[in-house]
Structure formats: C-alpha cells, structure tokens
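Here the numbering used here is used: the first residue of the sequence shown is 145, the next is one more, and so on. Note that the Cβ used here is the ideal one computed from N, Cα and C, for glycine as well.
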Amino acid sequence: MLGSRRNLPAPMILTVVGLGAFITALDQTVVVTALPSVMLDLKIPLSQLDRASWIITAYLLGYTVAMPLIGRLADVYGYSRVYQVSLAVFCIGTVLVAVSANLEWMVGARVIQAVGGGATVPIGMAIAASALPRRQLGLALAVVGGAAEAGSMLGPAYGGAIIELLGWRWIFWLNVPQSAVIFLALLWLPNQPNRQARVDYLGGTLLVGTLVVLSMALSRGGLFTLSSPQPFILGGVGLVLALGLVLVERRVQHPLLAPMLFRSVAFVLANVTQLLVGVSLIIAMVTIPLMANTVMGKDPLTGALWLLRMTGVIPVGAVVGGLLLGKGGARPVVVIGL
C-alpha cells in the first residue's frame, strides 16, 4: 500500500491529488466562454462553429479515453510515476494550446493536453485511497471526484474572468505553474510498480478509434438532412471498430473494459443516462456564452455568470442526491433528477 510508505501526511496527499483533478477538469469547460474570443483571434467565421466546437470536443474525447487506459498503465508502472508523466504531457499540451496559430493546431494540442489531464482522476483516486484507511475509501473517492466536478462546473466562470483580465491564452499559461507545484509534491510519494499486471493496448487502440470515428460521424454536416454519405460511412466504420472492441475485450485475459460490467442492466442504463445528460449540458455550455457574446454583445464574464446559474447548482444536486440515495434507493432519485 502506498499509505504505508508515504512521506507526506494524508491531508496533504488528498490536497495534491484533489488540486490535480480540479485543474485538469477545469480545462474541460474553461474554453466555452473563451470560444468567441478564440474564433475571433484565429479568424474562424461564426458559420464554422461546428468546426470550432472541436476545441471543446477534442479535450472531452481525449480526457474520457485516457481515464481507463492510463489508469491501467498506472497499475503496472506505479501511480506516482505515471501521474508525473501525465502532468508533464498535460503541460506540454497546455503550452501548445497557448501558442496556437490556427484551429487545427489548437485541436491537436487539446488532445495532447487531455490525454495527460484525463489520467489525474483515476490515478488520483488510487493515490487518495492508498493514503487513507479502508474504512475511509468513500472520503478518498469523494475528494478527487468532487474536485473534478467542481473544476468542470467553475471552468466557464474562471475562463470568463481570465479573459477579461489577461486574454484567452492566459487561461492555459496559468496551468503551467499550477501543474509544476503538483509535480514537485509528487516527488515525495513512493512509486510501486506491478510488473505482473498487463495493459490491454489493442483494446485501448480500438476504444480510441471507436470514439474518434463516431464523434467525427456525428459532427459531419448532412447527418440529419441526408445530403451527404460521409456521416453514414464514418458511422459504419465506428460500429465495426466497436464490434471489434467487444470481441477483443471478451477474449483477452486483462480487458480494459470488463465485459461483465455490460451484463448489468443498471450499469448500462446509468451510463446511457449520463451520456444523454452530458450531451444536454455541453450544448447549453457552448451556446449560452456564445449567444451572450456574439448576439447580445455581452462580455465573456457576463456569459459565464449566466451559465453559472445552471451549472452552479449541479454540485448541490449531487450532494443531495447522494444523501437521498441511502434512504430511497437509486431509482427514485434518478427519476426525480431527470
């Protein structure tokens, strides 16, 4: 156990991994208020909003894919070491985003940034869990998960404030010293690799391919008007990759996505529900600041504060829902929430 050899006290460890989760989750949504400024600076016309939205999508996609894959790498090579490498990747991506000169460069840099950032939540939870007694496992998971949730909710307001004071590029430059402090703190944690564990690289590759291709299919024009075959071709390729992923995961000894999870109706329905809720939220997060800035002529901070009226109460709902969960079960809480 990491906790038996740590050189930092448990509260400090929780603070470090909580800050890591907060900073990287912040970058999921910090761009939504910056998008109008970015489009203006990079000379992207408003008619190409679907292309510009990949600045947001690229990070969310990379962040999601990195969680299971890099989390598994940490099981093999050690939590603190992989966490440090992930922070370094996040910083490199952050700098590349900050110096972006065009949309393609920025989208690619956001993917690099997300791959590093997505590792902070699963690895942070593992480090936090190892720092506390088993009876406090819930606290460890809540600290990291809550920090990530707070980061994603506060991202638009933070981004709006920084844009008003310094400009959109400083949203990313400020990540570098923050990440450096966390990186240095991790030097005081021991690293315990497990060379007997295995990483499902083929499954990870298929997962990345599936999500990327399906995302491209959904973002193509002509999907709903049937005016272009592109989205349907890409969708077909994505489904083939998804089928390949299922077949591989059923056969490998150490699957990245355990097939047994998908035999649970509750697990599947919970993830589908979360997907649909996430789609609704991200649409609002993009359109509200954009409308405030481009249609109504408001500054980025005003758009962020408008959005905060919705996102600000989400953590409250999460806490209340968690308290009610133990009293009435999951089904009534989810139904009332929806």
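query: Residue 415 - DSSP class collapsed to helix/strand/coil; result: helix
query: Collapsed DSSP secondary structure at residue 246 in the structure displayed; result: coil
query: Test item: CB-CB of residue 207 and residue 267 under 7 Å; result: no
query: Nearest neighbour of residue 212, chosen from 348, 440 and 303 [CA to CA]; result: 348
query: For residue 152, three-class secondary structure by DSSP; result: coil
query: Reference residue 182; option with closest CA among 244, 477, 285 and 296; result: 244
query: Residue 253 - DSSP class collapsed to helix/strand/coil; result: helix
query: Distance, residue 382 Cα to residue 346 Cα; result: 16 Å
query: Cβ-based neighbour list, residue 162, same chain, cut-off 7 Å, excluding 5 preceding and 5 following; result: 287, 288 and 291
query: Pick from 159, 177 and 187 that is closest to residue 432, judged by C-alpha positions; result: 177
query: Neighbour-count burial assignment, residue 303, 16 or more Cβ in a 10 Å radius; result: buried
query: Buried or exposed by the 16-neighbour rule on C-beta atoms within 10 Å, applied to residue 447; result: buried
query: First through last residue of the alpha helix (DSSP H) which encompasses residue 102; result: Nothing can be reported for residue 102, as the shown portion of the chain is limited to 145 through 482.
query: DSSP state of residue 348 mapped onto helix, strand, coil; result: helix
query: Residue 438 - containing alpha helix (DSSP H), residue span; result: No alpha helix (DSSP H) contains residue 438, which DSSP labels as neither H nor E.
query: Beta-carbon contacts of residue 385 that lie in its chain and below 7 Å, excluding the five residues immediately before and after; result: 350, 353, 354 and 357
query: Residue 242 versus residue 307: straight-line alpha-carbon distance, rounded; result: 13 Å
query: Exposure label - residue 428; buried when at least 16 CB within 10 Å; result: exposed
query: Three-state secondary structure (DSSP) of residue 304; result: helix
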